[in-house]
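Residue numbers (the UniProt record's numbering): 1 to 1030.
This is the structure we're talking about:
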């Protein structure tokens, strides 16, 4: 498997190297072209189309279940529309002539006002009979009644124009069977009610009126009712129902209502909250679009952070301006994604507003990987700028590809979600990730080349004029400030170009993490963390409160909070019989028995039932001697006197049988959407179990509860698919079985941690958090893959040394990349939007958990069970380890990877002494003549600076064998013993011994030395800077 990994890596590295060299040679083309293309694409944003239908966005595509297929619908129809559409077919709209609040098929079109008195010791309503204390606490003064009546009159006076016609409230209001506008709670403002209250004649919770028994708990809260007699109330609610068949002018009227309420202030301690049927969608859009302004601040903050992290060296070598180019590339990719998707007609949903904050961090993360790889080329002084860019892409190309590919695939899998809002977000974010990758590979690659040309021309980072070194400026006697700001020189070592943020992790973390005591402490901490995460995941609540989708300062949030707190939520459950049955016989009995059985559910009101059949049986009109008499008395007598029941019984065209009917139950006070969804599922199972009755349960809000029922299985399916895909992607780039298992295990552990943290952060499991979990899969792979790849690149013999190498080379980019992502989402903390703040909380947890898992726990695990380096190192009798040839990814002027350098393996007896191959071979000549066998080894290495260059043979650093692009230096050994070299294993991280070179290698060694010297001489005219670099 190690050989497979080497071959894959070498092939990809060569491809990226060729591409990077091309970018380095033509930086103007690779910078101007993406600027023009992506700028033009971004213009597509002017064709932006929005989708704000909450029901459409947050309801699963395949929602709704009923074993009894409604008559008239295709039996293959498997979406949530079937029950609602069938109910609409069976029971036409009657809001214009016989309003039935329980029989509404859609969420009603209406406007609502809640009046609340803010004082602690008084109420809106209070009687004062026979009690002077109560009289002093009495709020029901004429001025307060006048306030509420004035508001009511203003609402009823609203008028709108639609299609040239003018509509007032009387034209748009829902009407009862006696042709009166339906305003739920308006009787509370009538003189009759006020007089009854004054005389202590109002009973609570139910009150007998001229139009029947009224449940006051629907319209009144904060009551004081000793002995079931109402004395006071501090909260009342008015509902203005509108006609469904005049929806367009009704929507305009609602908008006028909202403007009126916005400008209404009552004073004197009386507060109001208000809402309309369009409020949620309108406030949802306002909450996210308003916070987009924070993205501009995020761009500024990202530039500042990137400059601080990359500012090192001097006025010539600093990469601060280069960092600005990286942020620009990420921003351009985001703009391009918006533009191209708007051009093809993909609608914008409110949740997409968080996409720029996420993708800017991903783009800057790729920038840091490229800059880190660029830094590794600094010590190679004789390279041209195109060759440096080529090496940079050969080193970092795989890393940024893995990062972008895993994130893109995670979002691609999210497109298969049942929720439209998740699909739309994943489409926008996935495209933005890919376009950011393209911008980094083109625009930022060109910025690297231009940066290299400036640096190696020894020009100032701001003025672009030739600069003097700081030593030269000091000799001229200028001030230290000028020395600091103007002095600079071409960097010769990696550390000369690095900032503290890049140096600190690699110097400090290995000493801390690999300390035996710290390992134990971190192991215990991890187990405790895992335990709490599992506990939190088990008790994580499901469901989404829709008021959380809007700003806390929104009028809708205030209204929804008041409404839930004071009035709760009781749902009318319609049991619909779809088809003719024998109501006068056993089937009618079975139907009533079903309702009684449903009332035994703990979440169903056991005392409330509104059923025409139940009431009809208790009237003198009931006669079941024959079906004809049963129907005749029902139609001609009972329904004529109970007109509201007419909307619940549907006769066929002959009038001789009932084709459909419905009866109602009422839930208890259920504000938890998960409990509501569970009740919905139980009642559906109950209805489907009655095989001889074609019955189903319907409630307009069920379409929203489908979200709660479907979210967990949908998420588990999506996450399972994502983890499987990440497993395959990891195997493709890191084909080492143990590493693939560890990366996959790390993904699962991070997901558990995120699930658990949601419980402690007070976040419920919903469609919003589902998006965050999909994102966490991509980030989990990114961080752990960096550590595992660095571990495999190490040529160290022991697991501990390889783990240390991984920390040294991967911790800095991981932390800087993680910090860039945190900076990208940090501005969301200032938002009032639940969507944005929740995104910040979970994203912070994902990034923190991913970085901590990768940098702290993965190296510890690898230090114990990581794959060992099976490379052989042979030792001569005197205890010296012979030198090895380290194949390095060095680009020479022909543009192809073909260089080699000799790196002296350090003496095992003296760690401070380094000897080259040539030196050791000469010293050991006598030993080998006495029969000792020497094994020369060939390997590749990502490390280029662990052996001082002064100990290397002159010219060998960039040795070039023209025309050989596949292990050029091996030809030296081929000339010695061609038949004893296994070229199939000449790959990175593997060392192929040349066995039995001979008991006497004096002749072979001398020939080897001569060829090295010849190659030295041949490379001297080649090792020069290209493309005008100095």
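Where is the CB? At the ideal position from N, CA and C, for every residue including glycine.
Should residue i be labelled buried (16 or more other beta-carbon atoms within 10 Å of its own) or exposed?
i: residue 17; result: buried
i: residue 453; result: buried
i: residue 1058; result: Lying before the first or after the last residue shown, residue 1058 is absent from the chain, which here runs from 1 to 1030.
i: residue 56; result: exposed
i: residue 237; result: buried
i: residue 9; result: buried
i: residue 154; result: exposed
i: residue 779; result: buried
i: residue 535; result: exposed
i: residue 726; result: buried
i: residue 477; result: exposed
i: residue 547; result: buried
i: residue 1033; result: A question about residue 1033 goes unanswered here, because the residues of the chain that appear run from 1 up to 1030.
i: residue 374; result: buried
i: residue 804; result: buried
What does the alpha-carbon distance come out to for the pair residue i and residue j?
i: residue 360; j: residue 85; result: 44 Å
i: residue 427; j: residue 406; result: 15 Å
i: residue 515; j: residue 858; result: 14 Å
i: residue 306; j: residue 794; result: 29 Å
i: residue 11; j: residue 330; result: 27 Å
i: residue 606; j: residue 673; result: 20 Å
i: residue 110; j: residue 239; result: 7 Å
i: residue 563; j: residue 367; result: 49 Å
i: residue 643; j: residue 177; result: 7 Å
i: residue 911; j: residue 445; result: In this prediction, residue 911 has a pLDDT of 34, which is less than 50 and means its spatial position is unreliable; what the coordinates show is noted afterwards. Whole-angstrom Cα-Cα distance: 39 Å.
i: residue 761; j: residue 853; result: 20 Å
i: residue 973; j: residue 339; result: Any reading at residue 973 must be qualified, since the residue scores a pLDDT of 35, below 50, and its modelled position is unreliable; the value itself is stated next. Spanning the two alpha carbons is a distance of roughly 57 Å.
i: residue 387; j: residue 449; result: 10 Å
i: residue 648; j: residue 821; result: 57 Å
i: residue 940; j: residue 399; result: Because the pLDDT at residue 940 is just 34, under 50, the model does not fix this residue reliably, and the value given afterwards should be weighed accordingly. So the two alpha carbons sit approximately 18 Å from each other.
i: residue 363; j: residue 463; result: 28 Å
i: residue 855; j: residue 595; result: 60 Å
i: residue 517; j: residue 424; result: 48 Å
i: residue 769; j: residue 179; result: 47 Å
i: residue 430; j: residue 438; result: 13 Å
i: residue 946; j: residue 840; result: Note on residue 946: pLDDT 39, under 50, position unreliable in the model; the coordinate value appears next. The alpha-carbon atoms of residue 946 and residue 840 are separated by roughly 41 Å.
i: residue 20; j: residue 37; result: 20 Å
Check the C-beta distance from residue i over to residue j and give it rounded, since I have them as a contact under 8 Å.
i: residue 171; j: residue 219; result: Their Cβ separation, rounded to whole angstroms, is 25 Å, which puts residue 171 and residue 219 out of contact at 8 Å.
i: residue 31; j: residue 443; result: 6 Å
i: residue 491; j: residue 776; result: Incorrect: roughly 38 Å between the Cβ atoms, too far for contact.
i: residue 748; j: residue 781; result: Not quite, the Cβ-Cβ distance comes to about 12 Å (not below 8 Å), so this is no contact.
i: residue 410; j: residue 755; result: So it is not a contact: roughly 16 Å between Cβ atoms.
i: residue 48; j: residue 342; result: 5 Å
i: residue 460; j: residue 315; result: 5 Å
Considering residue i, what are the terminal residues of the beta strand (DSSP E) in which it resides?
i: residue 221; result: 220-224
i: residue 626; result: Residue 626 -> no beta strand (DSSP E), and no H or E assigned at all.
i: residue 209; result: 206-209
i: residue 577; result: 572-578
i: residue 1032; result: As shown, the chain starts at 1 and ends at 1030. That puts residue 1032 outside it, with no answer to give.
Could you check where the alpha helix (DSSP H) with residue i kicks off and where it finishes?
i: residue 190; result: Looking at the DSSP string, residue 190 is not in any alpha helix (DSSP H), and its letter there is neither H nor E.
i: residue 472; result: 470-475
i: residue 554; result: Careful: residue 554 lies outside any alpha helix (DSSP H) and carries neither H nor E.
i: residue 804; result: 799-826
Sorted by chain position, which residues of the same chain lie with C-beta nearer than 8 Å to residue i's C-beta, five sequence neighbours on each side aside?
i: residue 574; result: 87, 102, 103, 662, 663, 664, 697, 698, 699
i: residue 112; result: 237, 238, 239, 240, 274, 275, 276, 559, 563
i: residue 752; result: 530, 533, 534, 537
i: residue 483; result: 470, 473, 474
Quick one: what's got a C-beta closer than 6 Å to residue i's C-beta in the same chain, skipping five residues either side?
i: residue 677; result: 705, 708, 709
i: residue 765; result: 540, 542
i: residue 365; result: 817, 820
i: residue 633; result: 621, 623
Once the 5 residues before and after residue i are set aside, which same chain residues still bring their CB inside 7 Å of it?
i: residue 251; result: 278
i: residue 150; result: none
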